[in-house]
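Undergrad: If you scroll down you'll find the structure; I have some questions about it.
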Amino acid sequence: MVRLYTDDLSIGYGERLIVNELSVQIPDQKITTIIGPNGCGKSTLLKAITRIISHQSGSVILDGQNVAKENTKQLAKKMAILPQTPESASGLTVGELVSYGRFPYQTGFGRLTKKDYEVVEWALEVTGTKDFKYHPVAALSGGQRQRVWIAMALAQETEIIFLDEPTTYLDMAHQLEVLELLQKLNREEKRTIVMVLHDLNQAARFADYIVALKAGQIVKAGNCEEVITQEVLQDVFNINAEIGTDPRTNKPMCITYNLLRGE
Amino acid sequence: MIQTELIRKQRIILVILFVLLLATVIISAGVGYSTLSFDRLIPTLLGNGTFKEEFVLFSVRLPRIIITILAGMALALSGAILQGITRNDLADPGIIGINSGAGVAISLFFLYFPIQPGSFVYLLPFVAFIGALLTAFFIYIMAYNRKVGLQPVRLVLVGVGFSMALSGLMIVLISSAERQKVDFIAKWIAGNIWGADWPFILALLPWLIVLIPFTFYKANKLNLLGLSEPVAVGVGVSIEKERIVLLLAAVALAASAVSVTGGIAFIGLMAPHIAKSLVGPRHQLFLPVAILIGGWLLLFADTIGRNVVEPNGIPAGVMVSLLGAPYFMYLLLKK
Numbered sequence: 005m006v007r008l009y010t011d012d013l014s015i016g017y018g019e020r021l022i023v024n025e026l027s028v029q030i031p032d033q034k035i036t037t038i039i040g041p042n043g044c045g046k047s048t049l050l051k052a053i054t055r056i057i058s059h060q061s062g063s064v065i066l067d068g069q070n071v072a073k074e075n076t077k078q079l080a081k082k083m084a085i086l087p088q089t090p091e092s093a094s095g096l097t098v099g100e101l102v103s104y105g106r107f108p109y110q111t112g113f114g115r116l117t118k119k120d121y122e123v124v125e126w127a128l129e130v131t132g133t134k135d136f137k138y139h140p141v142a143a144l145s146g147g148q149r150q151r152v153w154i155a156m157a158l159a160q161e162t163e164i165i166f167l168d169e170p171t172t173y174l175d176m177a178h179q180l181e182v183l184e185l186l187q188k189l190n191r192e193e194k195r196t197i198v199m200v201l202h203d204l205n206q207a208a209r210f211a212d213y214i215v216a217l218k219a220g221q222i223v224k225a226g227n228c229e230e231v232i233t234q235e236v237l238q239d240v241f242n243i244n245a246e247i248g249t250d251p252r253t254n255k256p257m258c259i260t261y262n263l264l265r266g267e
Numbered sequence: 076m077i078q079t080e081l082i083r084k085q086r087i088i089l090v091i092l093f094v095l096l097l098a099t100v101i102i103s104a105g106v107g108y109s110t111l112s113f114d115r116l117i118p119t120l121l122g123n124g125t126f127k128e129e130f131v132l133f134s135v136r137l138p139r140i141i142i143t144i145l146a147g148m149a150l151a152l153s154g155a156i157l158q159g160i161t162r163n164d165l166a167d168p169g170i171i172g173i174n175s176g177a178g179v180a181i182s183l184f185f186l187y188f189p190i191q192p193g194s195f196v197y198l199l200p201f202v203a204f205i206g207a208l209l210t211a212f213f214i215y216i217m218a219y220n221r222k223v224g225l226q227p228v229r230l231v232l233v234g235v236g237f238s239m240a241l242s243g244l245m246i247v248l249i250s251s252a253e254r255q256k257v258d259f260i261a262k263w264i265a266g267n268i269w270g271a272d273w274p275f276i277l278a279l280l281p282w283l284i285v286l287i288p289f290t291f292y293k294a295n296k297l298n299l300l301g302l303s304e305p306v307a308v309g310v311g312v313s314i315e316k317e318r319i320v321l322l323l324a325a326v327a328l329a330a331s332a333v334s335v336t337g338g339i340a341f342i343g344l345m346a347p348h349i350a351k352s353l354v355g356p357r358h359q360l361f362l363p364v365a366i367l368i369g370g371w372l373l374l375f376a377d378t379i380g381r382n383v384v385e386p387n388g389i390p391a392g393v394m395v396s397l398l399g400a401p402y403f404m405y406l407l408l409k410k
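If you read the protein sequences in the order shown, they are chains P and R.
Throughout the first sequence, residue numbering follows my numbering, covering 5 to 267 in sequence.
Throughout the second sequence, residue numbering follows my numbering, covering 76 to 410 in sequence.
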């Protein structure tokens, strides 16, 4: 059963539609990756699904409920979002920032309960940020900071986690670290993960399901063997790609590519 | 998830501020145009003073001290809320025009309605609130974009414009008024604490008793609104609703304060900013510090202003601006 899907979703400003009547199903307990060229509407789609921006028509359905009409705090217990490069949390310590993820469970004056403390500790633990608990977020490196923001999303204890380009600004090792953390959460805790990625090979390696977007519409959606093909990449990115197999993971990978011109 | 050290630091700062405030209260009670020496303060307080001493303490200085502290606290809290919801450290009820809105309403009320001394006092915060609310409403809709919601930077810019326009309007109002009333309004604009009497304290106090706990109740939401919009939405804050409710609270706090003290700016800018640099940006921690700093700053400014030029002194609003304007410049340059 699919818990989350969009139905003829159109998103845009005024006359200009960025996403046009898009219907996509997000497989449960899988890692879904959205790929596509700059400006194709992948971030926009993610923001509309997570009600950060409103949509013009169509609907986003989670557990049979229209997301736009549901109580936003209740929704925050079901899905968490890590926006693209959040502004730095000036002056906050890591522990403080992560504890903000407990907001959906707080009532009254918002004192943290024992359970809140436990969840925050756990989120710091799995993201490997426990050592920085009392450090100011601003003093961390890009990779550490990104893990802290992921910890905040984890502290929300949601079954679905959205991430908008979680690997931007990170070096190769840190990129892999973040993606492996997400994979672990998916495998061990059955969290549904939906993310926008720029790197095709990372998408192929970590995603169970890939959605390829172009100009606000789906070109192809399916597993990586179905999406990372010469035809799809030509259509989506206008490139001539050489597709091989990753000798370590046996996943398809784009070995090299050329731009297609004059067509 | 707060460091115990940070909490201890906050406690120590609160104690220091409290002592500082108390010391300033004592000095403020002991100096002034009329003589009431320091060694007579306690006997007078205990009811053993002469008639003159009692009059000076209980009817002149004490009410003024209390009203000044309360107003400073309200302005600091108002500024802290505005800075939280606009994510802009330059937001202050004076700078973004809320005070001027209250001022215009008070001027109109003062000029065109017959004054009945009794009920007049209690009506003032309401009149100021209505004026400030209308101003905030217009600033809000002009800074609101249907597609992206409220634009925090625009809110400050529009507010500065409103502040200028409304100050101009007050001058226009003055130019058509009688001499005696002009005096009052001119003093109001300068931020001369004119409502220094017990009824004014009773008119101001209820607003603080309700709105200080209310703001603490909203502290977590303010924390999240101060981060970034997507993050706040993501954890389930209904941002538009919270912004409007908090804006109303900020308007009410500022309006009730300036209705008795006159146009005082910069307290709402400085107090939260100093507090944040001392204990960090968590509202639960810095709000109490900001409130105490606000009360102390205004009392400090008024005590100096009252005593540098005899007999009338410099209005507290002018004194605060002398301190606040360079601070504002410093903040602007730092950005």
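For every residue, glycine included, the Cβ atom is placed at its ideal position computed from N, Cα and C.
Values in this document were obtained by computation on a predicted structure and should not be read as measured data.
Nearest CA to the CA of P/Leu-96: which residue from R/Leu-322, R/Pro-200, R/Leu-81 and R/Asn-220?
TA: Along the first sequence, one-based indexing puts residue 96 of chain P at 92. Nearest of R/Leu-322, R/Pro-200, R/Leu-81 and R/Asn-220 to P/Leu-96, Cα basis: R/Leu-81.
Undergrad: Of all the residues that make up the segment 78-90 of chain R, which are near chain P by a beta-carbon distance shorter than 7 Å?
TA: The residues in question are Gln-78.
Undergrad: Flag P/Ala-4 as yes if its beta-carbon sits less than 8 Å from any beta-carbon of chain R, otherwise no.
TA: In this structure chain P extends from 5 to 267, so residue 4 of chain P is not present and cannot be described.
Undergrad: Interface residues of chain P around R/Lys-351 at Cβ under 8 Å?
TA: For the purposes of this step, residue 351 of chain R is taken as residue 276 along the second sequence, with counting starting at 1. Near R/Lys-351 (Cβ distances below 8 Å), the residues of chain P are Gly-95.
Undergrad: Closer than 8 Å by beta-carbon distance: list the chain B residues that pair up with P/Pro-87, in chain order.
TA: Here the protein chains are P and R, and chain B is not one of them.
Undergrad: What would DSSP say about P/Leu-201, mapped onto helix, strand or coil?
TA: One-based indexing of the first sequence puts residue 201 of chain P at position 197. Here P/Leu-201 sits in coil by DSSP.
Undergrad: Let me make sure I understand the geometry here. Which of R/Phe-126, R/Ala-166 and R/Ile-276 has the alpha-carbon closest to that of R/Gly-399?
TA: Against the second sequence, residue 399 of chain R aligns to sequence position 324. With distances taken between Cα atoms, R/Gly-399 lies closest to R/Ala-166.
Undergrad: Since P/Leu-167 and P/Ala-127 are thought to touch, with beta carbons under 8 Å apart, how far apart are those beta carbons, to the nearest angstrom?
TA: The sequence position of residue 167 of chain P within the first sequence is 163, counting from 1. The sequence position of residue 127 of chain P within the first sequence is 123, counting from 1. P/Leu-167 to P/Ala-127, Cβ: 15 Å. No contact.
Undergrad: Does the separation of the CB atoms of P/Ile-39 and P/Ala-216 fall below 8 Å?
TA: As a working mapping, residue 39 of chain P is identified with position 35 in the first sequence. As a working mapping, residue 216 of chain P is identified with position 212 in the first sequence. Their beta carbons are under 8 Å apart, which means P/Ile-39 touches P/Ala-216 by this criterion.
Undergrad: Could you give the DSSP three-state label for P/Tyr-9: helix, strand or coil?
TA: Residue numbering aside, residue 9 of chain P sits at position 5 when the first sequence is read from its first letter. Here P/Tyr-9 sits in strand by DSSP.
Undergrad: Using beta carbons (cut-off 8 Å, strictly below), is P/Leu-264 in contact with chain R?
TA: Looking up residue 264 of chain P in the first sequence gives position 260. It does not; no Cβ of chain R falls within 8 Å.
Undergrad: Please determine if the segment 143-155 of chain R and the segment 322-341 of chain R are in contact, where contact requires at least 3 C-beta pairs separated by less than 8 Å.
TA: They touch, by the three-pair rule.
Undergrad: Cβ of P/Gly-45 within 8 Å of Cβ of P/Gly-220?
TA: Taking the first residue of the first sequence as position 1, residue 45 of chain P is located at position 41. Taking the first residue of the first sequence as position 1, residue 220 of chain P is located at position 216. For P/Gly-45 and P/Gly-220, yes; Cβs fall inside 8 Å.
Undergrad: Which residue's Cα is closest to the Cα of R/Phe-204: R/Arg-221, R/Tyr-187, R/Ile-181 and R/Phe-185?
TA: In the second sequence, counting from the first residue as 1, residue 204 of chain R sits at position 129. Comparing Cα positions, the closest option is R/Ile-181.
Undergrad: Where DSSP assigns a beta bridge to R/Met-217, which residues make up the other side?
TA: Sequence index remark: in the second sequence, residue 217 of chain R carries index 142 (1-based). In DSSP, R/Met-217 forms no bridge with anything.
Undergrad: Do you know offhand how far R/Ala-271's Cα is from R/Gly-107's?
TA: Along the second sequence, one-based indexing puts residue 271 of chain R at 196. Along the second sequence, one-based indexing puts residue 107 of chain R at 32. Cα-Cα distance, rounded: 15 Å.
Undergrad: Relative to the C-alpha of R/Thr-99, which candidate in R/Lys-127, R/Gly-388, R/Phe-403 and R/Ala-376 has its C-alpha closest?
TA: Against the second sequence, residue 99 of chain R aligns to sequence position 24. Ranking R/Lys-127, R/Gly-388, R/Phe-403 and R/Ala-376 by Cα distance to R/Thr-99 puts R/Ala-376 first.
Undergrad: Considering just the uninterrupted stretch of the alpha helix (DSSP H) at R/Gln-255, what are its terminal residues?
TA: For the purposes of this step, residue 255 of chain R is taken as residue 180 along the second sequence, with counting starting at 1. That run of the alpha helix (DSSP H) goes 254-265.
Undergrad: Just the C-alpha distance for P/Glu-25 and P/Glu-193, rounded to the nearest angstrom, thanks.
TA: Your numbering for residue 25 of chain P matches position 21 in the first sequence. Your numbering for residue 193 of chain P matches position 189 in the first sequence. Cα-Cα distance, rounded: 33 Å.
Undergrad: Three-state secondary structure (DSSP) at R/Arg-229?
TA: To locate residue 229 of chain R, count along the second sequence from 1; it is residue 154. R/Arg-229: helix per DSSP, three-state reduction.
Undergrad: So if DSSP puts P/Val-215 in a beta bridge, which residue, or which two residues, is it bridged to?
TA: Walking along the first sequence from the start, residue 215 of chain P turns up at place 211. According to DSSP, P/Val-215 bridges with P/Ile-38 and P/Ala-225.
Undergrad: Skipping 5 residues on each side, what residues in its chain have a beta carbon closer than 7 Å to that of P/His-202?
TA: Here residue 202 of chain P is taken as the residue at index 198 of the first sequence, counted from 1. So the qualifying residues of the chain are Glu-169.
Undergrad: Which chain P residues are close to R/Phe-291, counting only those with a beta carbon under 7 Å from its beta carbon?
TA: Locating residue 291 of chain R in the second sequence gives position 216, counting from the first residue. Result: Phe-113.
Undergrad: Interface residues of chain R around P/Tyr-138 at Cβ under 7 Å?
TA: Here residue 138 of chain P refers to the residue found at position 134 of the first sequence. By Cβ distance, chain R contributes Gln-78.
Undergrad: Considering Cα atoms alone, identify which of R/Ala-211, R/Glu-253, R/Arg-254 and R/Lys-409 is closest to R/Val-233.
TA: Working through the second sequence from its first residue, we reach residue 233 of chain R at position 158. Selected option, being the one with the closest Cα: R/Ala-211.
Undergrad: DSSP three-state label for P/Ile-232, please.
TA: Here residue 232 of chain P refers to the residue found at position 228 of the first sequence. P/Ile-232: coil per DSSP, three-state reduction.
Undergrad: Out of curiosity, what's the CA-to-CA distance linking R/Thr-290 and P/Glu-229?
TA: On the second sequence, position 215 is the one that residue 290 of chain R refers to. On the first sequence, position 225 is the one that residue 229 of chain P refers to. Between R/Thr-290 and P/Glu-229, the C-alpha separation is close to 55 Å.
Undergrad: Rounded to whole angstroms, what's the CA-CA distance from R/Met-76 to R/Gly-243? Just pull it up for me.
TA: Indexing the second sequence from 1 puts residue 76 of chain R at position 1. Indexing the second sequence from 1 puts residue 243 of chain R at position 168. Note that R/Met-76 scores a pLDDT of 48, beneath 50, so its modelled location is shaky and nothing firm can be said.
Undergrad: With DSSP collapsed to three states, give me the class of R/Met-76.
TA: Here residue 76 of chain R refers to the residue found at position 1 of the second sequence. Because the pLDDT at R/Met-76 is just 48, under 50, the model does not fix this residue reliably, and the value given afterwards should be weighed accordingly. The answer is coil: DSSP assigns R/Met-76 none of H, G, I, E or B.
Undergrad: Give me the Cα-Cα distance between P/Lys-188 and P/Thr-133, rounded to the nearest whole angstrom.
TA: By one-based count along the first sequence, residue 188 of chain P stands at place 184. By one-based count along the first sequence, residue 133 of chain P stands at place 129. Each residue's Cα considered, the two are about 16 Å apart.
Undergrad: Among the candidates R/Ser-331, R/Arg-162, R/Arg-86 and R/Thr-125, whose CA atom is the shortest distance from the CA of R/Ile-268?
TA: Position 193 of the second sequence holds residue 268 of chain R. Of the candidates R/Ser-331, R/Arg-162, R/Arg-86 and R/Thr-125, the one whose C-alpha sits nearest the C-alpha of R/Ile-268 is R/Ser-331.
Undergrad: Flag R/Ser-157 as yes if its beta-carbon sits less than 8 Å from any beta-carbon of chain P, otherwise no.
TA: Indexing the second sequence from 1 puts residue 157 of chain R at position 82. Per the sequence presented here, residue 157 of chain R reads as Leu, with Ser not at that position. Not an interface residue.
Undergrad: So with CB distances below 7 Å, who are the chain P contacts of R/Leu-299?
TA: Here residue 299 of chain R refers to the residue found at position 224 when the second sequence is read from its first residue. Those are Tyr-104 and Phe-107, listed as they occur along chain P.
Undergrad: Measuring only between beta-carbons, confirm whether R/Ala-411 sits less than 8 Å from chain P.
TA: As displayed, chain R neither begins before 76 nor continues past 410, which places residue 411 of chain R out of reach and without an answer.
Undergrad: Is P/Phe-166 helix, strand or coil by DSSP?
TA: Translated into the one-based positions of the first sequence, residue 166 of chain P becomes position 162. Note: P/Phe-166 maps to strand in three-state DSSP.
Undergrad: Compute the Euclidean distance between the alpha carbons of P/Val-3 and P/Thr-48, then round it to the nearest angstrom.
TA: A query on residue 3 of chain P cannot be resolved here, the shown segment of chain P reaching from 5 to 267 and no further.
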